[in-house]
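Take a look at the structure below.
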Amino acid sequence: MPTHHSNILITGGAGFIGSHVVRLFVHNFPESQIINLDKLTYAGNLANVADLEGKPNYLFVQADICDAQTLDALFERWKPTAVVHLAAESHVDRSIHEPNVFLQTNIIGTTQLMNVCLKHWGENLSNKLFYHISTDEVYGSLGPEGYFREETPYAPQSPYSASKAAADHLVRAFGNTYGLPFIISNCSNNYGPYQFPEKLIPLCINNLVHRRPLPVYGKGENIRDWLYVEDHAEAILTIFQHGRLGHTYLIGGRNEWRNIDLVRRLCQIYDTINPFGHRDSEKLITFVKDRPGHDLRYAIDPTKIEQELGWKPRTTMDDGLRRTIQWYLDNQKWLQGVVSCAYRDYYRQMYEER
Ligand code: NAD
Ligand code: TYD
7 MPTHHSNILI TGGAGFIGSH VVRLFVHNFP ESQIINLDKL TYAGNLANVA
57 DLEGKPNYLF VQADICDAQT LDALFERWKP TAVVHLAAES HVDRSIHEPN
107 VFLQTNIIGT TQLMNVCLKH WGENLSNKLF YHISTDEVYG SLGPEGYFRE
157 ETPYAPQSPY SASKAAADHL VRAFGNTYGL PFIISNCSNN YGPYQFPEKL
207 IPLCINNLVH RRPLPVYGKG ENIRDWLYVE DHAEAILTIF QHGRLGHTYL
257 IGGRNEWRNI DLVRRLCQIY DTINPFGHRD SEKLITFVKD RPGHDLRYAI
307 DPTKIEQELG WKPRTTMDDG LRRTIQWYLD NQKWLQGVVS CAYRDYYRQM
357 YEER
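In the numbering used here, the protein residues as written are 7 to 360.
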């Protein structure tokens, strides 16, 4: 029997994955108050959760997870018994240019959050849960063979993945040292609606619409294992309800693509939809300077979550890409809203001065 939590705190719920998780939790737990805490960095956007405003079991709080005093006041007021922690700096390229903010939010922020949980939960740790959302990138880079499994040793290689690995280690250390009841899940690359157009798929869709070059790093031979974001949100819900305390679950779609093949497929599906009469989109593909220390391949063996919890992704890649392209086409206002001056500066720095 899953534990009932009256108040559930979700961090990073105005971001890409967090917004899907908050939506799912608000709908699935009508008897619980869902508190969405988010700093609203460049990646956080209240438009991502606009449909939830006014729902009786939903509340938004703008705060920084590094701010212990505000977290303390929030726990005092709302007494959450479960935390689903997604707030993070999440983009590898940014971490290469500016690592410090990744250490601050991903390591210090996660630690502050756990400190506050322990302070407020005290000795009474039964029926409590700290669920930490992490990435498969903590395991480093695979060669052409093999898969990440729950027992694979950590070998992070970018400032982003190193900061997430440090956070994962601290969560386990707090479990071991203070008895913090935790679960960790590490997921592969997500794509879908509301993803900020700095990541490969939404960046390419935005460039397709504006007929700008589609920048493929190096030779496009790097491989990622892709999962539609709603499938990830469902995996998180399943783990939240049925996962075992102290356990790690790897989440992936058995869906590996070389970047170049993925971008080609995206172009083909875009041309089939044929927005604005656009065609021959593959001509926009442009090979650009590689990312420093670019991990070659990520691939997940999701046997544990499949067998133990019965989770499987529902969305095929073609269907997911079609839905994603269509969502961005239908939500040009959202896209224009996030492609602000700051995004233009980012794009210039990352791509035009590369
Ligand atoms: P995102 O960048 O879209 O969203 C992150 C959210 O966290 C934003 O709303 C931002 O405002 C908020 N945030 C950042 N710093 C904060 C702070 N100091 N205090 C409070 N809020 C803060 O990220 P995402 O892609 O939705 O990823 C969510 C989580 O899932 C992250 O922990 C990430 O490491 C993990 N993850 C992401 C992927 C992926 O493919 N995107 C895959 C596996 C795991
Ligand atoms: P990204 O979406 O940044 O996710 P991650 O680095 O966390 O896997 O990138 C996915 C892959 O696409 C990665 O191998 C880097 C590559 N890539 C490009 O080729 N061009 C781009 O403009 C971006 C953003 C990524």
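We put the beta carbon where it would ideally sit given N, CA and C, even for glycine.
Environment of residue i [buried if 16+ CB atoms lie within 10 Å]
| i | result |
| --- | --- |
| I279 | exposed |
| Y184 | exposed |
| H11 | buried |
| T330 | buried |
| N51 | buried |
| C347 | exposed |
| K134 | buried |
| G299 | exposed |
| K170 | buried |
| R320 | exposed |
| A168 | buried |
| G259 | buried |
| P208 | buried |
Cross-strand partners of residue i (DSSP beta bridge)
| i | result |
| --- | --- |
| F188 | F136 |
| V89 | L15 and F136 |
| T292 | P221 |
| V362 | Outside the modelled stretch of the chain, which goes from 7 to 360, sits residue 362, for which no answer is possible. |
| F154 | I306 |
| D231 | E262 |
| L148 | R303 |
Cβ separation of residue i and residue j, assumed to be a contact under 8 Å, to the nearest whole Å
| i | j | result |
| --- | --- | --- |
| I311 | I242 | About 11 Å; that fails the 8 Å criterion. |
| Y160 | E143 | At roughly 10 Å, the Cβ-Cβ gap does not stay under 8 Å, so Y160 and E143 are not in contact. |
| G21 | L92 | 7 Å |
| P162 | R303 | In fact, because the Cβ distance is near 15 Å, the residues do not count as touching under 8 Å. |
C-beta atoms of residue i and residue j nearer than 7 Å
| i | j | result |
| --- | --- | --- |
| T254 | L315 | no |
| S194 | L233 | yes |
| V122 | C210 | no |
| E220 | N213 | Note that residue 220 corresponds to Leu in the displayed sequence, not to Glu. Result yes, Cβ atoms of L220 and N213 sit closer than 7 Å. |
| V32 | G19 | no |
| N265 | V222 | yes |
| R328 | I291 | no |
| V235 | N196 | yes |
| I189 | D174 | no |
| W333 | A53 | no |
Residue of the options minimising C-alpha distance to residue i
| i | options | result |
| --- | --- | --- |
| Y64 | A93, D336, D73 and S25 | S25 |
| T322 | P221, E262, E227 and T76 | E262 |
| D301 | K339, H97 and G146 | G146 |
| G115 | A69, A79 and D99 | A69 |
| W84 | I41, S101 and V107 | I41 |
| I139 | V177, D324 and G152 | V177 |
| G198 | S38, L335 and R350 | L335 |
| L46 | L30, A94, D57 and P62 | A94 |
| K125 | V107, N337 and E82 | E82 |
| T117 | V344, E104 and A172 | A172 |
| G128 | T87, Y357, W317 and I14 | T87 |
| Q201 | V344, L15 and Q39 | V344 |
Cβ-heavy atom distance, residue i to the ligand COA, below 6 Å
| i | result |
| --- | --- |
| T116 | This structure lacks the ligand COA; its bound ligands are the ligand NAD and the ligand TYD. |
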